[in-house]
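Numbered according to the working numbering, the sequence shown spans residues 64 to 417. Idealized CB from N, CA, C, for every residue including glycine. On a predicted model such as this, the values are computed, not experimentally measured, just so you know. Below: the structure, in structure tokens.
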Amino acid sequence: MERPLHRKLPRVLRMRAVVFREGSQWKVEDVQTPTPGPGEALLTIVKTGVCGTDEHLLHGGFIATFPLVPGHEMVAEVAAHGDGVTWPAIGTRVVVDNTVFCGECSACRRGTQLYCEKFISLGCNAPGGFAEQVVVRASKLYPIGDLDPDIAVFTEPTACAMHGVDVLGLSPASDVLIFGAGPTGLILAQLLRMAGAARVTVAAPTASKLALAAQHGAAHTVQMDRSNPRAALDRLRTIAPEGFDAVVEATGSTAVLESAVSLTRTGGTLLVYGLAGENATAAIRPYEVFSRELTIKGSFAQANCIGRALFALQSGVVSTQGMITSELGLADFGQALDNLKDSAQIKSVMVPQL
Ligand SMILES: [Zn+2]
Ligand SMILES: [Zn+2]
């Protein structure tokens, strides 16, 4: 049977998209549907996950450029091909690797694409998926087969967590502490066990999220009352009196980062994974890093981890059960922003068809 390589597009199509503008302004706008150029595909969004990074972007943080159509955790269907594109076929359901690297800068030529000087991240400094349609390079698409879109929508956050795990480079049978039980903390807990953690402890403020962390393999969960973090820190010291081999800060809180240092075992590693404000500072005693030979690492995004992340979700070794707590139409994006501050919410997903 012959498959259409190109679907004819009407001359000017309009679509709805969430648009961020200078001054922390956003609204749903009627914009022109993008046209796929050579090597690109036009995708119809099935659903796009909302991430804490989106809020940082709204306020001009991370790598935001305005006006911006945000949304970087996309599940979509191939709607049309640009010139030269034959794969994936029209109608194929895919997840998107939202990173674009120039391939020519010094970092790219050293094989460290994530540090590309012209790093583009769809949904951060180029149009993303809080829209009815988006244009993406066909080479950045990953068909998901019959994987449930509610699971596939976690591919990008899983890929970022996967990169964090790569950066951390755990030894087998490590004792690991994660601060944060949002989608990232819950996914990290599972990936870290796979990567060699004999025991994962999760510390976070919300009891229901900690219950989910336990369900996803955390051996210990510790509730951190923001007004009295000391009690939780004492409890963590009881669990690992010599400190944890690795501590992952996945909240973006500088106070948590400061506490994380003393909870790291001598010779251990602290991973800064959470997104703090660009000008936020944390007080760390250099003498402690020096005398206890601590390693401090950072992890901010992912490069080339989407394939492995998708496999982790398809094979079921990473479970996202119970993590989607809200599905919203584009007009309700304000609710999605509110949900980021609501401790009962885990992951909101935007569904343009709603
Ligand atoms: Zn994200
Ligand atoms: Zn580059």
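For residue i, report the span of its alpha helix (DSSP H) as first-last.
i	result
aspartate 117	115-121
aspartate 308	No alpha helix (DSSP H) contains aspartate 308, which is instead part of the beta strand (DSSP E) from 307-312.
histidine 226	218-231
valine 319	317-325
arginine 172	169-172
isoleucine 214	212-215
glutamine 398	396-404
So does residue i have its beta carbon nearer than 8 Å to some heavy atom of ligand 1?
i	result
threonine 116	yes
cysteine 223	yes
histidine 135	yes
glutamate 219	yes
glycine 337	no
glycine 191	no
glycine 112	yes
Could you spell out the range, first to last residue, of the beta strand (DSSP E) harbouring residue i?
i	result
tyrosine 205	204-206
phenylalanine 83	77-84
serine 112	The question names serine, yet the displayed sequence has glycine at residue 112. That run of the beta strand (DSSP E) goes 103-112.
lysine 181	Where lysine 181 is concerned, there is no enclosing beta strand (DSSP E), given that its DSSP letter is neither H nor E.
glutamine 95	88-95
serine 411	410-413
valine 138	136-144
valine 132	Valine 132 -> no beta strand (DSSP E), and no H or E assigned at all.
glutamine 196	196-200
valine 148	No beta strand (DSSP E) holds valine 148; DSSP gives it neither H nor E.
Please determine, among the options, the residue with the shortest C-alpha to C-alpha distance to residue i.
i	options	result
methionine 287	Ser322, Val239 and Arg262	Ser322
threonine 111	Arg79, Phe164, Gly192 and Ser184	Gly192
alanine 346	Glu356, Phe363, Ser325 and Gly186	Ser325
glycine 369	Gln88, Asn291, Pro130 and Val163	Per the sequence shown, residue 369 should be read as isoleucine rather than glycine. Closest option to isoleucine 369, Cα to Cα, is Val163.
threonine 301	Val285, Cys179 and Ile108	Val285
isoleucine 387	Val109, Val94, Glu92 and Val113	Val113
valine 198	Thr98, Ala244 and Val109	Thr98
threonine 332	Ala309, Gly248 and Thr317	Ala309
alanine 318	Glu305, Ala339, Thr327 and Gly306	Ala339
isoleucine 183	Ala215, Ile214, Phe125 and Val138	Phe125
glutamate 305	Glu92, Gln384 and Arg355	Arg355
glycine 248	Gln95, Val335 and Phe83	Val335
proline 452	Asp117, Glu341 and Thr358	What is shown of the chain runs 64 to 417, which leaves residue 452 out entirely.
asparagine 291	Ala303, Ala267 and Glu312	Ala267
Is any heavy atom of ligand 2 found at a distance shorter than 8 Å from the C-beta of residue i?
i	result
cysteine 179	yes
glycine 166	yes
glutamine 176	yes
phenylalanine 307	no
cysteine 187	no
phenylalanine 182	yes
alanine 170	yes
Just to check my reading of the structure: residue i and residue j have Cβ atoms closer than 8 Å, yes? What is that Cβ distance to the nearest angstrom?
i	j	result
alanine 194	valine 81	7 Å
leucine 233	leucine 255	7 Å
leucine 106	alanine 142	6 Å
histidine 279	alanine 252	6 Å
threonine 218	leucine 373	5 Å
#### Entry: Residue ranges of each beta strand (DSSP E) within the stretch 236-296, 3 or longer
237-242, 260-267 and 283-286
### Query
What residue ranges within the stretch 354-389 form continuous beta strand (DSSP E) runs of no fewer than 3 residues, ordered along the chain?
The qualifying runs are 358-361.
### Query
Where in the stretch 330-354 do unbroken runs of the alpha helix (DSSP H), each at least 4 residues long, occur, reported from the N-terminal end onward?
349-354
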